[in-house]
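Residue numbers (the UniProt record's numbering): 1 to 518.
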C-alpha cells in the first residue's frame, strides 16, 4: 500500500532531486520468513491512509483551488523577507496536491552546512502545511512561522544549532508526535521497521529507578546470547567508555557497527546483588542480525470437562514490516500442531507501522469488517474496511493488553474486540489515537507528522483515553517493555505464574464451553 499523503520534492530551480520516501506508522523490532505469501486487501472510502486513483484526483482538485492563495501568502511573507538579503536561493515545492511547483526564496547562509538545514526547514514546513492534522497549526500563522524561523537560522554557523530551530518551529504545533530526527536517528528507526541490523543482538533500556543501562533481552543465537549475557544484566562500559548518563539510543549506536568488527563490553550480572561482584568484560563480534517481532509457544491446557487441549500463545512486540507474515506463518504452524485456542499478547507493544497492524487484524477476521475509522484534518471520518477477508483461524481468541499497549496495538485490539472476534484481558491501554506519516527528507533526516486521528470500529475515542479491557488482571511478571520469551523455546513454566494468562485461559474456556468454566 502506498501512502496518499503528499511527498515533498525539494530541489534547486535548475535540477530536481528524488522525491523523499514516505510511509505510515502509528507511534516510535523481527523468525525466518517462510515461503508462504499472504495477499492483504483493505480499502478506505475517501483519501486519507490509502485510496484509489479517482480519490487521489479528487484531492488534487480540492487543494489546487487554494494553490494561488498559498503562493500569494508566501509571496508576502518569505519572499519579502528574502529580498533584504544580498544572495538568495530558491527551492521548488512540488507536492502532488499542486498543479504547479511553488518557489520559495530565502537568504543563503554563509555556512554551507546551515544552508543545507535551511532547505530541510522549507521542506519540513511544506509537509506540515499540507498534511498536519490541525489545519490551524495550533492557532498560528504557519507561513509567518517559516519567516521567523528563517530569520533565527540565517546568522548561525552550526548545523546542529540550526536543526534546533526546526525542532523549535515544530514544537509550536503543540503535538509531541510531530518531530524531526537526524539522519543517524532515522537509520536506527528504519532498523526497527525493516528488522535487519549489524550489531551484537542485544536490546537495552534505561532502568527508571537507577538510571542504569540494562539488558532487556538478547536475540537467539546472537553474539550477545552466545557470550552468556542475560536479561537484567547491566552495561557498564563499551570499548572502555563509561556509560553513566548515556542514553539507550546512544549506547545502541556504539554497539552497532560493520559486520566483522568487534566491540568490547563490560557487564554486571543481574544475578549479583553487589555492584562490584559479577563484573566481566567480553569481546563481542558484530554480525548481521535478523530480528522478529514474534515469540510463541504452545501451552497445554486442561478444559473444565477434563480434556487436555493446546492453546497457542503468541507475543507480538512491535508492528514491523514483517509482523503480519511472521504471525501468519506462526498461526499456520500452530494449526498443524492441533492448537484449538489462542492468546495474542500485545502487552508493552508500543506500536509501529499502521499497515502492519491492519494486516495482522485480517489474520483473524473475515468479510468486509471495519478495521479502524480515521478522522482527517477537515473532520471527515474515513472508515478503513477489509475487502473479502478470510481469517486463517476461527478458534477462540483472547488479546492481552496493558498500559504499554499503544497506537497500532490499540488499533488491532479495537478491531478484534469491536468486531466480536476477541475478548480483551489486562489493563487499560496507553491511549494514543493518532497516526503519523514518516517522510525521509533530502538530507537523510526524517519528519514525523501527525496526519490523522482514529476511532475504533465501534467509534470509541482512543486518544488520551485508551481501551478498557473486558476483564482485568494483575501484571506480576511484566516489569520490562520486552519479554524474554523466544520463539519455540518459551518455557510454559515461565507463563504459569502470569495471572493475566491464567485469566485468559479461563476466558477461553468460557468462550468454548458457554460459561461452564469455574
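Glycine is no exception: its CB is placed at the ideal position from the N, C-alpha and C atoms.
Values in this document were obtained by computation on a predicted structure and should not be read as measured data.
In this structure, DSSP gives residue 284 an extended state, which the three-state scheme calls strand. When the five nearest sequence neighbours on each side are left out, the beta carbons in the same chain lying within less than 6 Å of the beta carbon of residue 152 are those of 165, in order along the chain.
In terms of Cα proximity to residue 218, the closest of 505, 171 and 290 is 290. Counting every other CB atom within 10 Å of its CB across the protein chains shown gives residue 311 a total of 16 or more, marking it as buried. By the beta-carbon neighbour count (other beta carbons within 10 angstroms, threshold 16), residue 167 is exposed. In this structure, residue 255 sits near residue 199, with a CB-CB distance shorter than 8 Å.
Contact annotation: residue 138 and residue 116 have beta-carbon atoms that are not nearer than 8 Å.
When rounded, the separation of the alpha-carbon atoms in residue 216 and residue 108 is 47 Å.
In this structure, DSSP gives residue 378 a state outside helix and strand, which the three-state scheme calls coil. Taking 3 residues as the shortest admissible run, the region 163–209 contains the following complete beta strand (DSSP E) segments, listed from N- to C-terminal end: 179–181, 196–199 and 202–206.
Judged by DSSP in its simplified three-state form, residue 240 adopts coil rather than helix or strand. At the C-beta level, residue 285 and residue 370 stay beyond 8 Å of one another. Counting the other CB atoms within 10 Å of its CB gives residue 468 a total below 16, which places it among the exposed residues.
Measuring C-alpha to C-alpha distances from residue 509 to each of 461, 106 and 341 identifies 341 as the nearest. The beta carbon of residue 283 sits closer than 6 Å to the beta carbons of 262 and 264 from its chain, once the five residues preceding and following it are set aside; these are given in chain order.
With a 10 Å radius around the Cβ and a threshold of 16 neighbouring Cβ atoms, residue 499 comes out exposed.
Within the same chain, 266 come within 6 Å of residue 281 by CB-CB distance, once the 5 residues on both sides are set aside. 315 is the residue among 303, 299 and 315 whose C-alpha sits nearest the C-alpha of residue 292.
Between residue 202 and residue 214, the C-beta spacing is not below 8 Å. No Cβ-Cβ contact shorter than 8 Å links residue 449 with residue 243. Put simply, of 463, 336 and 436 the residue whose alpha carbon is nearest the alpha carbon of residue 178 is 436. In the structure shown, residue 217 falls within a strand segment according to DSSP collapsed to helix, strand and coil. Residue 447 holds the alpha-carbon nearest to the alpha-carbon of residue 186 among 259, 447, 461 and 416. In the DSSP annotation of this structure, the continuous segment of the alpha helix (DSSP H) that includes residue 417 starts and ends at 408–418. Secondary structure within the region 297–326: the beta strand (DSSP E) runs of 3 or more consecutive residues, fully enclosed, are 308–316 (chain order).
Residue state for residue 339 is assigned as coil, using DSSP reduced to three classes. Annotated three-state conformation of residue 222 is coil, per DSSP. Here residue 347 is actually not in contact with residue 232; their C-beta atoms are around 18 Å apart, not less than 8 Å. Taking all protein chains in view, the Cβ of residue 158 is surrounded by fewer than 16 other Cβ atoms within 10 Å, so the residue is classified as exposed. Residue 122 is positioned such that its CB atom lies no closer than 8 Å to that of residue 451.
Counting of Cβ neighbours within 10 angstroms places residue 140 among the exposed residues, the total staying below 16. Boundaries of the beta strand (DSSP E) around residue 426: 423–426. When 421, 414 and 441 are compared, the shortest CA-CA separation from residue 429 is found for 414. For residue 355, the secondary structure class from DSSP, reduced to helix, strand or coil, is helix.
In this structure, the CA atom of residue 501 is about 27 Å from the CA atom of residue 372. Proximity to residue 163 across 384, 182 and 363 peaks at 182, based on C-alpha coordinates.
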